[in-house]
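These notes are about the structure you will find just below.
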Amino acid sequence: MDDFQNKSIITKPHSLTYSYYTSPGFQEKLNPAVPTLLFVHGFPDHALMWEGAIAKLKDLPYPMLAVDLLGMGNSSKPADAVLYNYKKQADAIAQILDHEGVPNNVIPIGHDWGSATSQRFYLYHKKRCVGLSLISLAYQVPSEEPFDLDTVNDATSKRFGYPQWEYWKFFTAPDAANLLRENLERFWEINNGNYPSPKPEENGRDIWMREMFCTPNAFRDYINQTGPYQNKIVQSKPYPDLEKVRASFIKRLSRDGLEGPVNYYHSLKNNTMLEDERTLCNTPNDQARKIEVPLLYIGQTGDWVCRTDLMSDTKDQGLVADLEEKVVDSGHWVLYEKPEEIASLLRDWLSRKFPVKK
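Numbering follows the UniProt record's numbering, with no gaps: position 335 of the sequence shown is 335.
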C-alpha cells in the first residue's frame, strides 16, 4: 500500500482524528455505478493489515479506502471506552466517506472488530451500502439484553465445550494494557502461535487459539511466563512476510500501547451501545436487523473464538437474504497468514456480485 495516500480527518462531535488510506486515483474512480471498497481492520491491528490482500486486488476497478479504527494506527487513542461504541465509530466512518465524496455504493469489508464495526456501519447506514463482507467474526445479531461476560462464557461452555470469550477477563482487567505493552514478544506469540493438536481425533488441527484464548488464566499465565507456561515458547505461524509483520507489530504497539485496543472490550462489556442495539431491535418485521445486500462471510479453521459455524444463528433467524460462506485453513489473523487466498475469495465474489462494465 505504498502507493496509497494517507489522510486524516477530525470527526464530530468529539474532535477525534481518524486516519485512513485511499487507493491511487481514488477521486477519479468514484462513480455511482462502481462500488467503493471500505476495508476495516480489527484488534490490535491497523489499516496496513490489508496490505497483502490489497496488493492482489489493486488491478480491480473499485476505488478503495482503508481506515485506522479508533485507538489504533494513526487515529486518536482516547481513554474513554464510551467513544469506542459501534454507532459512534460507524458515524465517524460516514463522515470520512462524506469528506471524500463517496457515493452511496459502499462495500464494507471487515476483520475481527472491523467485522463488528462493518456490520454496524451497514445497519446504521444501510442506504450507503450495496454489499458487505465479514472475515472471522460472523454477524452478531443486535440484542435487547445487556451483555454479561459470565453469562456468555457459561452458555458457550455448554454449547461448545469451552468458554469462548474467557480471554475477555484478562483484556478488561486494570493491568491488561500495561502487561501487554511490557510483554509484546509474548503477546505476539499468543496471537500468532501454531500448535497442532496432539489428539488423534482432532487430526492435527491448530488448537493454539483455543488453549490461549478460551482456557481460564492461560492468556495471563503465558504473558507472565507463569504456571504451565513458565518455560513455554510457541512457534509462529509461517506467515509469508513473518519478520516484517512481527517487527511492525512490536514497533507500533511499543509506540502506541494497548489502552486504545482493549477499550473495545471495555466498551462492549460496559454496555455502552445497549440503547443503540435496542433501537435496532424495535422495528416492524425486524427490518433494522436484516442484512439485505449480498454478504460474503469468510471463516478460519483455526479460529476458536470467531467460530465458522456461528453464521447459523443469523440464518436460523432469517436475517440474511444473500449469503455466501467460505472457510480458509488458517488461524484468526488470516490477512497475515493467507492474504492471497482472502484476495482470491473477495475477487471472485466481487466480480460475480458487482461486475463493472468496461
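Glycine included, every Cβ here is placed at the ideal spot set by N, Cα and C.
Beta-ladder partner(s) of residue 360, from DSSP: Since the displayed the chain opens at 1 and closes at 358, residue 360 lies outside it and no answer follows.
Per DSSP, which one or two residues make a beta bridge with Leu38? Looking at the DSSP output, Leu38 bridges to Leu65, Pro108.
Residue span of the alpha helix (DSSP H) that contains residue 408, given as start and end: Because the chain spans 1 through 358 in this model, residue 408 falls outside it and cannot be assessed.
Can the beta-carbon of Pro63 be found less than 8 Å from the beta-carbon of Ser23? Going by beta carbons, Pro63 and Ser23 fall inside the 8 Å limit.
Three-state class that DSSP yields for Ile207 in the structure shown: coil
For the region 266 to 280 and the region 316 to 327, state whether three or more C-beta atom pairs, one from each stretch, are separated by less than 8 Å. no
By DSSP, does Lys88 sit in helix, in strand, or in coil? helix
Could you give the DSSP three-state label for Pro228: helix, strand or coil? helix
How is Leu274 classed by DSSP in three states: helix, strand or coil? helix
Let me make sure I understand the geometry here. Which of Ile9, Pro13, Leu16, Ala55 has the alpha-carbon closest to that of Ser344? Ala55
Does the pairing of the region 94 to 112 with the region 28 to 38 give three or more beta-carbon distances under 8 Å? Taking one beta carbon from each stretch, the region 94 to 112 and the region 28 to 38 have 3 or more pairs nearer than 8 Å; the two touch.
Around the Cβ of Ser143, are there at least 16 other Cβ atoms within 10 angstroms (buried) or fewer (exposed)? exposed
Roughly how many angstroms separate the alpha carbons of Cys214 and Tyr222, rounded to a whole number? 13 Å
Would you say the region 270 to 288 touches the region 182 to 194, given that touching needs at least three Cβ pairs under 8 Å? no
Who are the Cβ neighbours of Ala92 in its own chain at under 8 Å, not counting the five residues just before and after it? Thr11, Leu16, Tyr18, Leu70
Any idea if Lys169 is buried or exposed, counting beta-carbon neighbours within 10 angstroms, 16 or more meaning buried? buried
Are the Cβ atoms of Trp165 and Asn178 separated by less than 8 Å? no
If you reduce the DSSP assignment to three classes, tell me which class Ser236 lands in. strand
Taking the straight line between their C-alpha atoms, what separation do you get for residue 360 and Lys127? The first residue shown for the chain is 1 and the last is 358, placing residue 360 beyond what the model contains.
Quick check: is the beta carbon of Gly302 nearer than 8 Å to any beta carbon in chain B? No chain B appears in the structure shown, which is made up of a single protein chain.
Can you pull the DSSP bridge partners for Gln5? Thr22
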